[in-house]
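Structure first, commentary second.
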Amino acid sequence: MFASLVAFTLATWTPEAQLKVTGFGEVVPSPDGKLTAWTEVRPGYARLRIGGKEVPVWTGTATGLTFSPDGKYLYWQSGNVAFRTLTQGPGEPQRLSRYPGNVGPYKLSPDGTMLAFLAQEEIAPKSRIRVVGELKYRHKLCTMPSDGTSGEVACKVTPVGFAAGLEWSPDGRAIAFESRVTPFPDDSRTSDIYEADLATGELHEIAKTGASEAQPAYSPDGRYLAYVRSDNPPLQPGDEHLVLYDRTRKSTRALPFTQDRLPKILGWSPDSRNVYYTEARGTRNVVFAMPLDGPPTSIFTPDGVASAMSPSHTGKYLGFALETAESAPEAHLLTLGTGKPEKLSAVNANVESVGKTEIFWWRSRDNLEIEGLITYPANFDKSKKYPMIVILHGGPYGNFTESFVGRSGLYPIATFAAKGYVVFRPNPRASTGYGRDFRYANLKDWGGGDYNDVITGVRNVIGLGFVDKSRMAVMGWSYGGFLTNWTVTHTNEFKAAAAGAGVSNLLSQTGTSDIRSNKIDAFGAPWDNQQFYIERSPLTYAKNVTTPTLFLGGDADERVPISQTYEMYHALKRRGVPTQMVVYPGAPHSPTDPEYVLDIMKRHIDWVERYVQ
46 MFASLVAFTL ATWTPEAQLK VTGFGEVVPS PDGKLTAWTE VRPGYARLRI GGKEVPVWTG
106 TATGLTFSPD GKYLYWQSGN VAFRTLTQGP GEPQRLSRYP GNVGPYKLSP DGTMLAFLAQ
166 EEIAPKSRIR VVGELKYRHK LCTMPSDGTS GEVACKVTPV GFAAGLEWSP DGRAIAFESR
226 VTPFPDDSRT SDIYEADLAT GELHEIAKTG ASEAQPAYSP DGRYLAYVRS DNPPLQPGDE
286 HLVLYDRTRK STRALPFTQD RLPKILGWSP DSRNVYYTEA RGTRNVVFAM PLDGPPTSIF
346 TPDGVASAMS PSHTGKYLGF ALETAESAPE AHLLTLGTGK PEKLSAVNAN VESVGKTEIF
406 WWRSRDNLEI EGLITYPANF DKSKKYPMIV ILHGGPYGNF TESFVGRSGL YPIATFAAKG
466 YVVFRPNPRA STGYGRDFRY ANLKDWGGGD YNDVITGVRN VIGLGFVDKS RMAVMGWSYG
526 GFLTNWTVTH TNEFKAAAAG AGVSNLLSQT GTSDIRSNKI DAFGAPWDNQ QFYIERSPLT
586 YAKNVTTPTL FLGGDADERV PISQTYEMYH ALKRRGVPTQ MVVYPGAPHS PTDPEYVLDI
646 MKRHIDWVER YVQ
């Protein structure tokens with residue numbers, strides 16, 4: 046079944062090898078837990094399996110995996126098309142939908158007889174001429190028979206705004222959904238929740254406030270609709286809590302705050318008495334049960350990092366991919382409330398770990414405790430001195446987790462370790478997984494406290510005695526690119542740097558990015574606080590840079606337009622600082638094209654080898 050796998054050893058850890066490590070997109074159990082479907086993914090590769098067996102003649106992407114209530118069929122979506130296959134065998138895919146235009150996502154009804162989906166209805170003439178902010182379409186909520194052969198498509202409901210997150214009521218009579226003012230990323234926080242009566246097409250307002258409401262989930266008995274509500278007004282660092290809407294009493298009440306205050310709803314317990322959700326906890330994550338009354342309790346603490354989580358329709362089983370920093374991901378199944386997860390796959394069985402990874406804590410300049418990860422070189426000897434690479438995460442409200450260091454990605458950690466580097470990944474203030482106050486700590490302080498967290502972390506790692514402080518590099522993507530730009534403009538202790546999709550000029554980036562609110566949240570509007578924008582822009586301090594710096598970015602990046610990279614590159618080039626800029630045609634903010642991912646990994650290695658080793 047897995048004969049195509051290649052064994053990985055210390056000598057073979059390269060960027061090319063890291064591209065071959067397989068990840069998981071979704072891991073979904075059948076209602077009775079007897080079968081689990083999952084998608085295997087890596088750059089340029091996708092597979093769909095049911096019970097470990099590959100679906101015949103299927104090589105495309107598959108999302109929204111859903112079992113029929115009797116477990117007989119598996120449904121999924123690829124592009125704009127819905128498919129299904131018999132799970133026993135499994136059988137060859139059957140195309141179900143032929144609706145013209147852009148559609149999705151598809152959602153199977155509780156009894157398995159209908160599919161709901163969102164269709165885009167064009168409301169503006171097609172033209173190559175683009176009017177900024179013009180709405181080209183609106184959504185229609187449609188249903189169709191799930192067998193793809195009988196009956197007609199019915200589109201009775203026109204949602205308010207632009208919909209997402211479709212959820213069927215248990216009796217199949219209604220669908221709840223999120224609704225936003227526009228589909229543009231900067232309006233994602235305008236989300237409200239509505240419920241559509243499928244018989245009449247009427248819409249009922251469930252949650253419409255100045256806060257953002259999202260993630261609707263019906264209780265199995267149909268009485269409650271749980272959802273997540275943000276602070277009011279919503280700010281980009283995120284401060285969210287679970288809310289319960291009683292459909293009988295038409296009343297709403299907030300449930301207790303969760304620890305990180307960023308819960309992601311997974312579903313409900315079978316008895317409708319608990320909402321299941323997951324949250325980050327430092328460099329790992331945990332699954333919790335929030336009762337209708339009382340504080341949450343943890344029901345599953347993975348020994349590592351769990352991703353691609355999906356509960357069964359019955360709420361009895363949880364499918365997920367499990368990995369550690371030193372072991373590659375595999376699909377697992379857990380019967381909730383009992384025992385140990387069952388390992389289902391062996392797709393990465395021949396992948397050997399390289400370089401031990403440990404958690405490291407230190408105190409920043411203001412005494413705030415900060416956590417990070419140290420990956421040691423292969424064949425580590427603490428009596429020796431090693432070069433070190435510091436990698437900074439994006440967000441800034443992201444975090445580094447104990448995920449497998451051999452994963453494919455923009456930063457080839459396993460390859461760096463195999464080449465003899467220490468790799469240090471700090472989670473400075475603003476990182477997810479450490480609570481609301483920690484996340485809000487850099488709201489008006491980009492390049493301030495978070496930079497101090499990084500630098501004090503670097504110096505504490507040096508203090509352990511095995512890092513050669515004369516041979517260090519720093520790199521990061523997105524906000525990590527901003528923080529890399531900021532670092533090289535404020536210290537010369539790194540011998541090389543690489544900034545990917547990094548902000549250099551906050552004034553121009555705020556006016557050209559597809560998300561502007563995060564800067565306005567952090568600093569106020571630029572027309573009201575221009576000096577602060579200038580003071581926190583790395584470009585302002587470009588005259589201080591002596592560090593050889595590599596710049597990388599895609600020319601289709603709407604989040605951090607490529608002009609940001611040009612501004613910093615030209616400043617360094619003009620001043621005679623060793624620099625290079627690489628542009629990836631058609632690449633968005635996070636490149637996924639295998640050719641580009643491989644090239645980025647190699648360029649990071651080559652740049653470091655040139656100036657650090």
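Basically the numbering used here = 1-based index in the sequence shown + 45.
Don't be surprised by glycine CBs; every beta carbon is placed ideally from N, CA and C.
What first and last residue would you give for the beta strand (DSSP E) that runs through residue i?
i: THR460; result: Per DSSP, THR460 belongs to no beta strand (DSSP E); it is in the alpha helix (DSSP H), 458-463.
i: SER355; result: 350-356
i: GLU580; result: Careful: GLU580 lies outside any beta strand (DSSP E), inside the alpha helix (DSSP H) at 575-580.
i: GLY599; result: 594-599
i: LYS201; result: 199-202
i: GLU166; result: 159-167
i: GLU368; result: 362-369
i: ASN472; result: 467-472
Apart from the five residues just before and just after residue i, which ones in its own chain have a Cβ nearer than 8 Å to its Cβ?
i: ALA256; result: ARG274, SER275, ASP276, ASN277, PRO278, PRO279
i: GLU640; result: none
i: GLU414; result: TRP406, TRP407, ARG408
i: THR624; result: PRO593, THR594, LEU595, PHE596, TYR614, LEU617, LYS618
i: ASP266; result: PRO215, SER317
Cutting at 6 Å between CB atoms, please list the residues of its own chain near residue i, excluding the five before and the five after it.
i: TYR118; result: ARG129
i: PRO301; result: PRO340
i: LEU555; result: It should be pointed out that residue 555 corresponds to Thr in this sequence rather than to Leu. ARG561, LYS564, PRO571, listed in sequence order.
i: GLY89; result: PRO639
i: GLU403; result: ILE419
i: GLY283; result: LEU307
i: PRO228; result: PHE207
i: ALA542; result: VAL519, THR529, VAL533, THR592, THR594
i: VAL148; result: ASN125, PHE162, ALA164
So which of the options has the shortest CA-CA distance to residue i?
i: ILE344; options: PRO386, ALA373, GLY327; result: PRO386
i: THR59; options: TYR322, THR460, ARG452, PRO170; result: THR460
i: LEU141; options: SER123, GLY494, PRO155, PHE229; result: SER123
i: ASN530; options: ASN550, PHE511, ARG516, VAL176; result: ASN550
i: THR383; options: GLY68, PRO265, LEU363; result: LEU363
i: LYS514; options: ASP573, PHE539, GLY116, GLY492; result: PHE539
i: GLY146; options: TYR182, ALA107, ARG94; result: TYR182
i: THR245; options: ARG218, ALA271, TRP522, GLU223; result: ARG218
i: THR132; options: ILE434, LEU80, THR557; result: LEU80
i: SER313; options: ASP231, SER608, ARG225, GLU212; result: For the record, residue 313 in the displayed sequence is Trp; it is not Ser. Nearest of ASP231, SER608, ARG225, GLU212 to TRP313, Cα basis: GLU212.
i: GLY96; options: GLY105, GLU85, SER582, THR106; result: GLU85
i: ASP651; options: ILE434, PRO190, SER453, PRO471; result: ILE434
i: LEU552; options: THR536, THR585, GLY545; result: THR585
i: VAL72; options: THR104, PHE112, ALA62, PHE445; result: PHE112
i: ARG604; options: TYR524, THR203, TYR656; result: TYR524
i: LEU93; options: ASN574, ALA376, TYR656, LEU643; result: ALA376
In this structure, does DSSP put residue i in helix, strand or coil?
i: TYR90; result: strand
i: ASN330; result: strand
i: ILE650; result: helix
i: ARG318; result: coil
i: THR624; result: strand
i: LYS309; result: strand
i: PHE207; result: strand
i: ASP638; result: coil
i: GLY178; result: coil
i: ALA325; result: strand
i: ILE645; result: helix
i: GLY556; result: helix
i: LYS665; result: The question about residue 665 has no answer, for the chain in this structure spans 46 to 658.
i: LEU584; result: helix
Spatial neighbours of residue i within its chain, please: C-beta separation below 7 Å, excluding the five flanking residues on both sides.
i: LYS647; result: PRO60
i: PRO422; result: GLY400, TYR431, ALA462, GLY465, TYR466, VAL467
Just curious, the alpha helix (DSSP H) that residue i is in, first and last residue?
i: SER296; result: Element bounds for SER296: not the alpha helix (DSSP H) but the beta strand (DSSP E), 296-299.
i: ALA616; result: 607-619
i: GLY417; result: Looking at the DSSP string, GLY417 is not in any alpha helix (DSSP H); the run it does join, the beta strand (DSSP E), is 414-420.
i: ASN497; result: 494-507
i: GLU61; result: 60-63
i: ALA567; result: 562-568
i: TYR485; result: 481-485
Flag residue i as yes when its Cβ comes closer than 7 Å to any non-hydrogen atom of the ligand MG, and as no otherwise.
i: ALA459; result: The ligand MG is not part of this structure, which contains no ligands at all.
I'd like the ranges of any beta strand (DSSP E) spanning at least 3 consecutive residues and lying wholly in the stretch 519-551.
For the stretch 519-551, whole beta strand (DSSP E) runs of length 3 or above, ordered along the chain, are 541-545.
Within the stretch 211-270, note down every full beta strand (DSSP E) run reaching 3 residues or more, in order along the chain.
Uninterrupted beta strand (DSSP E) stretches at least 3 residues long and entirely within the stretch 211-270 occur at 219-225, 237-242, 248-252, 258-263, given in chain order.
Runs of alpha helix (DSSP H) wholly within the stretch 373-417 (minimum 4 residues, chain order):
Listed in chain order, nothing qualifies, since the stretch 373-417 has no complete alpha helix (DSSP H) run of 4 or more residues.
For the stretch 99-137, list the alpha helix (DSSP H) runs that are entirely contained and at least 4 residues long, ordered along the chain.
At a cut-off of 4 residues, not a single continuous stretch assigned as alpha helix (DSSP H) sits fully inside the stretch 99-137.
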